[in-house]
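Under my numbering, residue 435 is the last one in the sequence shown; the count climbs by one each step, no gaps.
Let me begin by presenting the structure, written as structure tokens, before commenting on it.
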Amino acid sequence: MNPDLLKLQPYPFEKLRALFNGIATPAKSAIALSIGEPKHASPQFVMDRLASELPRLANYPSTKGLPELREAIATWAVRRFQLQGLDAEAQVLPVNGTREALFAFAQAVIDRAEQPLGRPPLVVSPNPFYQIYEGAALLAGAEPLFIPCNEHNGFLPDFDSVSDEQWQRCQLLFLCTPGNPTGATLSIEQLQNLINLANEHNFVIASDECYSEIYLDEAKPPAGLLQAAAAMGRHDYNRCVVFHSLSKRSNLPGLRSGFVAGDADILAGFFQYRTYHGCAMPVQHQLASAVAWADESHVQENRRLYREKFSAVIRELSPVLDLQQPDGAFYLWPQTPIDDQSFAKGLYASEHVTVLPGSYLSREIAGHNPGTNRVRMALVAETGECIEAAQRIRQYIQSL
């Protein structure tokens with residue numbers, strides 16, 4: 036077996052199952068705020084298109100994807116991020132959701148033979164982070180470097196903490212904006228500073244923007260990496276690649292549909308990798324995805340529902356928790372009155388509500404884990420259930 040597999044830590048939800056093992060729960064309905072799985076209704080028009088295309092099960096899909104899907108994606112990205120253009124043939128590649136694409140991308144990009152300063156290449160990512168970034172780095176033969184996201188820095192990665200030597204060793208920088216679990220977003224100016232760093236030190240930026248369409252202020256959509264590059268006149272998006280998904284935007288996590296876009300040279304290599312990887316999106320999923328990317332009304336309604344939930348839950352919890360409304364995504368990231376694991380365990384035992392300990396989403400670096408004494412609450416259930424969960428959490432905190 037690949038010895039790098041031994042470097043992988045248990046997934047956060049494995050740790051959570053172990054934490055809850057043997058706990059007897061009260062006679063209350065279970066409410067899960069732990070998993071970021073959207074629960075809003077999937078768009079009917081997308082399901083109708085998917086059903087009508089089921090005869091396409093008889094067709095092998097192509098790795099490159101159908102032209103109509105790539106054109107729909109390019110049209111959406113140009114409109115959403117104010118781009119002058121995006122070449123649907125060379126700068127867009129459909130993928131089966133961002134999770135598999137983020138993992139596979141590191142395998143294609145990392146050069147194991149290149150040993151800057153005689154040491155393994157670095158993959159830099161935020162801390163806390165989406166676990167895929169770490170696993171992708173380790174199995175690509177690289178060394179992860181985690182940048183803390185603390186409250187004093189607006190929960191954004193402290194890029195100034197990375198030394199010139201570390202940037203020199205960096206081959207891949209993972210971003211997540213809006214962030215998971217913090218909801219913090221990078222500005223165009225901050226993204227442009229990172230592009231300049233990538234130019235100086237010759238690394239690739241992979242921006243995970245799967246939460247980009249969930250934000251609270253309709254007048255302030257989060258910026259994107261390609262948008263920042265275009266504003267610099269960099270329409271080739273050199274060293275810049277973005278990852279987008281229909282899972283959160285359109286409540287279609289089971290469709291496993293997303294895309295990668297950006298630097299055409301990087302995508303050409305990634306495409307070659309994927310032809311061997313065997314991960315082409317089914318044709319019927321591609322055709323259903325194309326109509327989803329072409330519609331915005333269901334996405335606006337999705338944001339309205341999240342605004343409603345954030346408002347109600349924050350109103351319930353603000354008397355007992357120090358809550359900050361995030362810029363984007365659908366998570367709350369509050370500090371807990373006791374340590375995060377004890378909080379999650381006690382809440383589950385007394386109220387049958389599940390939250391995810393923040394330390395499970397982070398790594399301890401230099402004696403500090405930025406997720407300690409925080410929990411992630413995913414406001415994905417319908418509004419009434421989220422309100423009930425908030426009321427139970429408030430009752431639990433008041434009982435401490």
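Heads up, the beta-carbon is just placed ideally off N, CA and C, and yes, glycines get one too.
Item checked: Cβ separation of residue 193 and residue 257, assumed to be a contact under 8 Å, to the nearest whole Å -> Rounded, the Cβ-Cβ distance is 20 Å, inconsistent with contact.
Note to self: Short of 7 Å in beta carbon distance, which residues of its chain neighbour residue 134, apart from the five on each side in sequence? Order them along the chain.
What the structure shows: 167
Item checked: Residue from 178, 401, 366 and 304 with nearest C-alpha to residue 98 -> 304
Next item on the list: Let me know the secondary structure DSSP gives residue 232 once reduced to three states.
Entry: helix
Margin query: On the criterion of 16 or more Cβ atoms from any shown chain inside 10 Å, does residue 187 qualify as buried, or is it exposed?
Written below: exposed
Note to self: Closest to residue 119 by C-alpha separation, out of 297, 391 and 336, would be which residue?
What the structure shows: 297
Notebook entry, point to check: Below 7 Å between beta carbons: does that hold for residue 159 and residue 211?
Noted result: no
Note to self: For residue 475, count the other beta carbons within 10 Å of its own beta carbon; 16 or more makes it buried, fewer makes it exposed. Which is it?
What the structure shows: Lying outside 36 to 435, the shown extent of the chain, residue 475 is not represented and no answer is given.
Check: So what does DSSP say about residue 243, is it helix, strand or coil?
Finding: strand
Item checked: Rounded separation between residue 302 and residue 347 - CA only -> 43 Å
Notebook entry, point to check: Between the region 86 to 100 and the region 258 to 269, do at least 3 Cβ pairs fall closer than 8 Å?
Noted result: no
Next item on the list: Leaving aside the five residues before and after residue 242 along the sequence, list all residues of the same chain whose C-beta is less than 6 Å from its C-beta, in chain order.
Entry: 210, 260 and 277
Checklist line | Extent of the continuous beta strand (DSSP E) to which residue 318 belongs | finding: Run containing residue 318: none in the beta strand (DSSP E); it sits in the alpha helix (DSSP H), 318 to 328.
Check: Pairing CB atoms from the region 146 to 159 with CB atoms from the region 371 to 380, are three or more of them under 8 Å?
Finding: no
Check: Going along the chain, which residues of its own chain have a beta-carbon closer than 7 Å to the beta-carbon of residue 413, five neighbours each way excluded?
Finding: 68, 69, 70, 71, 365 and 366
Next item on the list: Take residue 14 and list the residues in its own chain whose beta-carbon comes closer than 7 Å to its own, dropping the five residues that flank it on each side.
Entry: Outside the displayed span of the chain (36 to 435) sits residue 14, for which this structure offers no information.
Notebook entry, point to check: Which two residues bound the contiguous beta strand (DSSP E) that contains residue 306?
Noted result: Element bounds for residue 306: not the beta strand (DSSP E) but the alpha helix (DSSP H), 299 to 312.
Checklist line | Option in 285, 281 and 300 with minimal Cα separation from residue 292 | finding: 281
Next item on the list: Label residue 240 either buried or exposed according to how many other C-beta atoms from any shown protein chain fall within 10 Å of its C-beta, with 16 as the threshold for buried.
Entry: buried
Margin query: Would residue 390 and residue 427 qualify as a contact pair, given that the criterion is a beta-carbon distance under 7 Å?
Written below: no
Check: From residue 191 to residue 165, what does the alpha carbon distance come to, in whole angstroms?
Finding: 14 Å
Check: Since residue 66 contacts residue 384 with CB under 8 Å, what's their CB separation in whole angstroms?
Finding: That belief does not hold up - the Cβ atoms of residue 66 and residue 384 are roughly 14 Å apart, past 8 Å.
Notebook entry, point to check: Are there 16 or more other CB atoms within 10 angstroms of the CB of residue 310, so buried, or fewer, so exposed?
Noted result: exposed
Margin query: Which residues does DSSP list as the beta-bridge partners of residue 144?
Written below: Looking at the DSSP assignment, residue 144 forms no beta bridge with any residue, so it has no partner.
Next item on the list: In the DSSP assignment, find the unbroken alpha helix (DSSP H) run with residue 279 in it and report its ends.
Entry: Residue 279 -> not in any alpha helix (DSSP H); beta strand (DSSP E) instead, spanning 275 to 280.
Check: By Cβ distance, which residues of its chain are closer than 8 Å to residue 322, with the 5 residues on each side in sequence left out?
Finding: 84, 85, 88, 91, 101, 103 and 104
Margin query: In whole angstroms, give me the CA-to-CA distance for residue 327 and residue 401.
Written below: 45 Å
Check: Would the beta-carbon of residue 77 fall within 7 Å of that of residue 340?
Finding: no
Next item on the list: With DSSP collapsed to three states, give me the class of residue 154.
Entry: coil
Notebook entry, point to check: Ordered along the chain, which non-local residues of its own chain (more than five positions away) have a Cβ less than 7 Å from that of residue 317?
Noted result: 96
Margin query: On the DSSP bridge list, what partners appear for residue 403?
Written below: 400
Notebook entry, point to check: In this structure, what does DSSP give as the bridge partners for residue 205?
Noted result: 157
Note to self: residue 355 and residue 432 - do their beta-carbons sit closer together than 7 Å?
What the structure shows: yes
Notebook entry, point to check: residue 389 bridges to which residues according to DSSP?
Noted result: 67
Next item on the list: With residue 197 as the anchor, note down where its alpha helix (DSSP H) starts and where it stops.
Entry: First-last for residue 197: undefined, no H or E at that position.
Next item on the list: Quick one: measure Cβ to Cβ for residue 369 and residue 409, integer angstroms, because I've assumed they're closer than 8 Å.
Entry: 7 Å
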